[in-house]
Amino acid sequence: MMSNKYFLQRWGIVFPLSLLIGILILDGCKGSGTILPNIPPETRLSNIPPPDTFIVTQNPRLTLFWVGDDPDGFVVAFKYRWNFRLSANDTFQHKPWKTLLNIIVSKFALIMEGDEKVAPTVYKYFATLPPEGLDVVTSDALARGDTIVIEGVRVYASNPDYERYPVHKSPNSGTFIFDSQDTLNPHTFEVAAIDNVGELDPAPATVSFGTPQVVPPKSEITEFPTDTVLVLDRKTPTFSGIRFAFQGFDPNSRTLDYQWVVDKELWPQDRIPWSDFSPLTEAYIIATDIPDPYASKHTFYVRARNEFGSIDTIGYFIRARLNNLAQIIGYDTIYSNKVFYTIYPPFQRTDIPYEKRILLINNSYDWDTLATSARPSKQMMDNFYQSVFSDLGKDGKYDVVHSIDLPNLKFFPGRGMLGKYSTVFLFSDATNEFSNHGHQLTPGRQNALKDYCYIGGKLIMSGWAQALPTNTPNTDIFFQAIPHMQDMEPNNDTDYVGAKGVLGYPDASLDPTKLDPTWNGALYRIYIGRPSGFGEIIYRFDSKTNRCVTRFGPTGPVQFCYEDQPVGIRYIGITYNIVFLGFPLYYTNQTTAVAVLRKALQDIGEF
Amino acid sequence: MNRMWKMFSGETIFLSLILLIFVSNSCTQYEYSSPLPGILEIRLKTISDTARIKFSPLNNFVLKITAVEAVREDQARVSIYEDIKALGRTTSIYNTLDYRARDSNLVIGQGYVPPGNYIGVNLLIEPGSVAILDGYRRIPVVKSESFDALLRFRRPFTVSELNTTFINVAIDLDTSLVQGADIYDFNPYYYISSIK
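As they're listed, the protein sequences go chains L and P. Going by the working numbering, the first residue of the first sequence is number 7, and it counts up by one from there. Going by the working numbering, the first residue of the second sequence is number 2, and it counts up by one from there.
Below you can see the structure in the form of C-alpha cells.
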C-alpha cells in the first residue's frame with residue numbers, strides 16, 4: 007500500500023514539472039519573431055587570369071573550373087553561358103543558358119532543361135535515390151544519351167557512353183569549344199550557382215578571353231583503286247562497294263570526322279550529296295553514289311572536319327619531302343580527291359537490253375610450230391573450242407582472246423573487258439613438258455577474275471595442272487575462294503583416263519587420238535581436291551590403275567586412293583556461278599566436250 | 002488393484018482426454034485438395050524446302066538445346082526434361098534435318114507440369130557451327146547479329162490433370178538459314194505449329 011507521504015512526494019514534483027514543460031511548448035509554437043530572407047549563393051571561377059588581363063588561348067578549346075557556396079543552404083546546380091561574335095563588325099550574341107546539376111549520378115554529369123526554380127526539385131530526386139542508385143532502365147537511357155523526364159523536367163547526361171570527349175564529367179568543370187570564325191574571337195563566360203530554394207547567384211562569376219581562328223584540318227586519300235573497277239548499284243554478299251581509305255590531320259583537334267562525295271561537280275551545286283560526317287576513315291562506293299553510274303571516269307572527294315567544326319574546303323595541302331637526315335628535299339601537293347575508273351557490267355544493267363556474250367580466254371601453252379594433236383598450238387585450241395561453241399549454237403555470241411606473256415608484251419583481260427561478258431570461259435588445257443601453261447594466273451589476274459565473279463559474273467574453267475603453283479600462285483586461296491575446291495593434290499603417276507560425271511554431267515573420258523603414245527593412254531598432274539562451302543562435286547577421278555598411295559597423317563599412315571576423288575566442282579551461289587573442270591576438256595572428243603559445256607552453261611544460267 | 006487404479010486413474014483420464022482432442026483434430030478434413038499434374042510433351046518440327054535443303058541422312062544441321070520450359074500465364078516457369086523419368090536436363094543435340102523432325106516426331110522434352118493455363122514454351126538453343134549437305138559440303142553457320150538464344154514460342158494452351166498435352170514447336174529453316182556466298186546466316190524463325 008502506497009503511503010500518503012510517498013504519494014505526495016512523487017506527484018508533488020512530477021505534476022508541476024509537467025505543467026512547466028507544457029507551457030513552454032505551447033509558448034514555443036506561437037512562432038513569434040521574423041523569418042530571415044534567403045541568402046543567394048555565390049560562385050567563383052578558379053584558375054583564371056586576373057580580372058584586368060585578357061589572354062588568347064592556343065585553340066578554341068578551353069577547360070574552365072568553378073565552385074559554388076550557399077551560406078544558408080546548399081548549391082543544387084550551376085547555370086552558364088558565353089558570348090561570341092561571327093566577325094569584328096558583328097554584334098555579340100549569347101549562347102543559351104545551360105543548367106548543370108551539382109551532383110553525379112551513376113557516373114553521369116546531368117544537364118537539365120527548364121529554369122532555376124525547378125532545379126531543387128530535380129536535384130532532390132537524384133539526391134534521395136535509394137542506395138542502389140538509378141534503376142537499370144533509366145541508367146541505360148542516360149548511357150545511350152537519351153533524355154529522361156524527372157518531375158516534369160527533361161534531363162540528359164553530358165557524358166553518355168558514346169561521347170568520347172564530353173563537355174562535362176563533373177558539375178564543377180567543363181571543356182568548351184568556343185566559336186572562332188574570326189582572326190581573334192573575344193568571349194565572356196559566366197557561371198552562376200543555384201541554391202536549394204532555386205535562387206540564382208545575382209552576380210555570376212565571369213572570365214573574358216580570346217580564341218584564335220580555327221585552322222581547318224587537312225585530308226588525304228590513302229587507298230583507292232588503281233585499276234578499272236566493276237561497280238553495281240547495290241551491295242551484295244560478294245560486292246561491298248569500291249573501297250577508299252583516307253585520313254586527316256589537325257594537331258589541335260582531338261577528333262576528326264569525314265564526309266565524301268563522288269563527282270561533286272556533276273551534282274546540282276546547291277544539293278551536293280555529301281555523306282553524313284562520320285569518324286570512319288573508309289568509304290565503300292556503289293553506283294548509286296555516282297551521278298552517272300555508267301560513265302567510266304569519276305572523282306572521289308573527301309573532306310575532314312575537326313572538333314571545332316572547321317571543314318577542309320581547300321582540297322589539298324603541301325607536304326615537305328624529307329631525306330633520311332630529315333632534311334627537306336622537296337614538296338608534294340597532297341590532294342583530297344582521286345580519279346578512278348569504273349565499269350557497270352552491261353549484263354547487270356536493267357536500263358538497256360543485253361544480249362548474252364561469252365569471252366573465251368585461251369590460257370593454254372602454245373606449241374606453235376611443234377604442235378601435234380597431243381601438243382596443240384594456241385590456234386589448234388581455238389579451232390577446237392570454236393567448233394565446240396559452234397555445235398552449242400553460239401556462233402557470233404562469243405569472242406576469243408589469248409593470254410600473252412612475252413618479255414615485252416603481257417595481256418590478260420582486265421576487269422573492263424571481263425565486265426562486258428555474261429560468261430567467261432578460261433581454258434588452260436595444254437602445257438609444256440614441265441606442266442606449265444606458259445602463262446601465270448598472277449594474283450592480279452586472279453583478282454580480276456574474282457572481282458568479275460563477285461559482281462555476278464559466270465565462269466567456266468578447264469585445264470591441265472591448273473593448281474600447279476607455277477601456273478597459279480596462291481593456289482589454295484584462289485581455288486578455295488572462286489572454284490570452291492580445296493586441298494588440291496596432283497596425281498604424279500600417269501593414270502588419269504577420264505572423269506566420271508555426277509549431277510547430270512556426262513562422263514568425260516580421254517580421246518585416244520589426242521594422246522601421245524608415250525603417255526600410255528593417260529594423263530598425269532590432274533589435281534584432285536574436295537569442295538569447299540557450297541561447291542558440289544560434278545566430276546570424279548577415273549584412275550587407270552586404281553592406284554592408291556600411303557600418306558602419313560597425324561594419326562599415322564593412311565591409304566589414299568585417287569579413284570572417285572573429286573576432280574570437278576560446281577558452285578551455284580547467290581551472286582555468281584562457276585563450273586570448274588579440273589581436267590583439260592580438249593583431250594576429250596568433241597561430242598563429249600559439247601555435252602559437258604552444254605550442261606555447264608545450263609547450270610550457270612547462260613543457256 | 003484398487004490402489005493402482007486410484008493412483009493412475011486421474012492422470013490417465015486427463016491424458017486420454019488430451020490425446021482424444023489431438024487425434025480428433027488431426028483427422029479433420031480441410032476443404033482443399035492438391036491437383037494431380039498433367040504431362041507436357043514437346044516435339045520439334047522442322048520446315049524446309051526440300052529443293053533447297055532436303056531431309057536426308059546425309060544432311061545435318063543441329064540445334065543444341067540446353068533448356069526447355071513451359072511458361073504459365075502468371076509467368077511461372079516449369080522446366081521440362083528429356084523424358085518423364087529424367088531428374089534433370091543435360092544439353093541435348095538434335096538434327097533438324099532428321100526425318101523425325103520433318104514428321105513432328107522428334108521429342109525434345111517431356112515432363113509433369115501443374116495443370117493450368119500456359120502462354121507458351123521457352124527453348125534455350127545454340128545452333129551448330131556448320132551445316133553439312135550431301136554428306137560432304139560443310140557450310141559454316143554464322144549467327145546473325147540479332148540472334149537471341151532464348152526462343153519464346155507463344156501460343157496459349159491448357160494442361161489438365163492426368164492428361165498429356167502435345168506441343169509441336171516448329172523452326173522454319175527456309176527463313177532461319179539465309180544463304181550467303183559461302184555461309185548460312187542463322188536467325189531463327191519459329192512458332193508453335195500445333196497443340197493437341
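Note that the Cβ used here is the ideal one computed from N, Cα and C, for glycine as well.
Sequence-distant residues of the same chain with beta carbon closer than 6 Å to residue i, five excluded per side
i        : result
L/Gly254 : Pro223, Ser225, Leu262 and Ala310
L/Met7   : Confidence in L/Met7 is poor, its pLDDT being 43 and thus under 50, which makes the residue's placement unreliable; the coordinate value appears in the next sentence. Taken in chain order, the list of residues that qualify is empty.
P/Thr159 : Asn118
L/Leu595 : Sequence inspection shows Asn at residue 595 of chain L; the Leu mentioned does not correspond to that position. Hits under 6 Å: Asp517.
L/Thr3   : Not covered by the structure: residue 3 of chain L. The range shown for chain L is 7 to 613.
L/Val82  : Asn108, Ala125, Pro126, Tyr129, Ile200 and Asn202
Anticipated Cβ contact below 8 Å, residue i with residue j, distance rounded
i        : j        : result
L/Tyr511 : L/Ile544 : 5 Å
L/Ile292 : L/Arg240 : 6 Å
P/Val229 : P/Ala150 : The structure shown does not extend to residue 229 of chain P, since chain P is modelled only from 2 to 197, so the question has no answer here.
L/Ile200 : L/Phe80  : The pair is not a contact, with the Cβ atoms about 10 Å apart (cut-off 8 Å).
P/Ile126 : P/Ile48  : The Cβ separation is near 16 Å, so there is no contact.
L/Glu196 : L/Pro218 : With a Cβ gap of about 22 Å, L/Glu196 and L/Pro218 do not count as contacting.
L/Val464 : L/Gly611 : The identity of residue 464 of chain L in the sequence shown is Lys, whereas the question assumes Val. L/Lys464 to L/Gly611, Cβ: 7 Å. Contact.
L/Phe346 : L/Glu288 : Their Cβ separation, rounded to whole angstroms, is 14 Å, which puts L/Phe346 and L/Glu288 out of contact at 8 Å.
L/Gln452 : L/Phe484 : 5 Å
L/Thr524 : L/Ser379 : About 14 Å separates the two Cβ atoms, so there is no contact after all.
L/Arg615 : L/Lys403 : The structure shown does not extend to residue 615 of chain L, since chain L is modelled only from 7 through 613, so no value can be given for it.
L/Lys344 : L/Phe230 : 4 Å
L/Leu51  : L/Leu70  : 6 Å
Neighbour flag for residue i against chain L, beta carbons, 8 Å
i        : result
P/Arg53  : no
P/Tyr190 : no
P/Gly181 : yes
P/Ile140 : yes
P/Tyr113 : no
P/Tyr119 : no
Contact test: residue i Cβ vs the ligand GTP heavy atom, cutoff 7 Å
i       : result
L/Phe80 : As far as ligands go, the structure on display features none, and thus does not contain the ligand GTP.
Within-8 Å CB hit, residue i to chain P
i        : result
L/Thr542 : Reading the sequence as shown, one finds Glu at residue 542 of chain L and not Thr. It does: the Cβ of L/Glu542 has a partner Cβ on chain P nearer than 8 Å.
L/Met7   : Unreliable placement is indicated for L/Met7, whose pLDDT of 43 sits below 50; the coordinate value is still reported in the next sentence. No, L/Met7 does not count as interfacial toward chain P.
L/Gly535 : no
L/Gly539 : yes
Sequence-distant residues of the same chain with beta carbon closer than 7 Å to residue i, five excluded per side
i        : result
L/Thr437 : Tyr371, His443, Trp470 and Ala471
P/Ser145 : Asp186, Phe187 and Asn188
L/Gly504 : Asp513, Ala514, Ser515, Leu516 and Asp548
L/Val600 : Val394, Asp397 and Leu398
P/Pro128 : Leu64, Val142, Lys144 and Phe187
P/Leu163 : Leu37 and Gly39
L/Ala326 : Ile334 and Tyr337
L/Thr339 : Tyr322 and Ile324
L/Ile183 : Pro66, Arg67, Glu313 and Phe314
Nonlocal neighbours in the same chain, by C-beta distance under 8 Å from residue i, ignoring five residues either side
i        : result
P/Thr165 : Gly39, Ile40, Leu41 and Glu42
L/His490 : Pro537, Ser538, Gly539, Phe540, Gly541, Ile575, Tyr577, Ile584 and Phe586
L/Asn480 : Pro449 and Gln452
L/Glu495 : Tyr533, Ile534 and Gly535
Where the region 577-593 of chain L meets chain P: residues whose CB sits under 7 Å from a CB there:
Gly579, Ile580 and Thr581
Quick one: which residues of the region 77-101 of chain P get their C-beta closer than 7 Å to a C-beta of chain L? List them in chain order.
none
At 4 residues or longer, what runs of the alpha helix (DSSP H) sit wholly inside the region 80-156 of chain L?
You should have 125-133 and 142-150.
Within 9 Å of chain P by C-beta, residues of the region 236-251 of chain L in sequence order
Thr242, Pro243 and Thr244
In chain order, each beta strand (DSSP E) run of at least 3 residues that lies wholly inside the region 508-554 of chain L
533-537 and 542-549
For the region 266-297 of chain L, which segments carrying the beta strand (DSSP E) assignment without a break, of at least 3 residues, lie completely within its bounds, in sequence order?
288-291
What beta strand (DSSP E) runs, 3 residues minimum, are completely inside the region 453-510 of chain L?
464-469, 491-496 and 502-507
Of all the beta strand (DSSP E) runs that stay within the bounds of the region 302-337 of chain L, which reach a length of 3 or more residues?
303-312 and 322-328
What are the start and end residues of each continuous beta strand (DSSP E) run of 3 or more residues lying completely inside the region 208-271 of chain L, in chain order?
211-218, 224-229, 248-255 and 262-268
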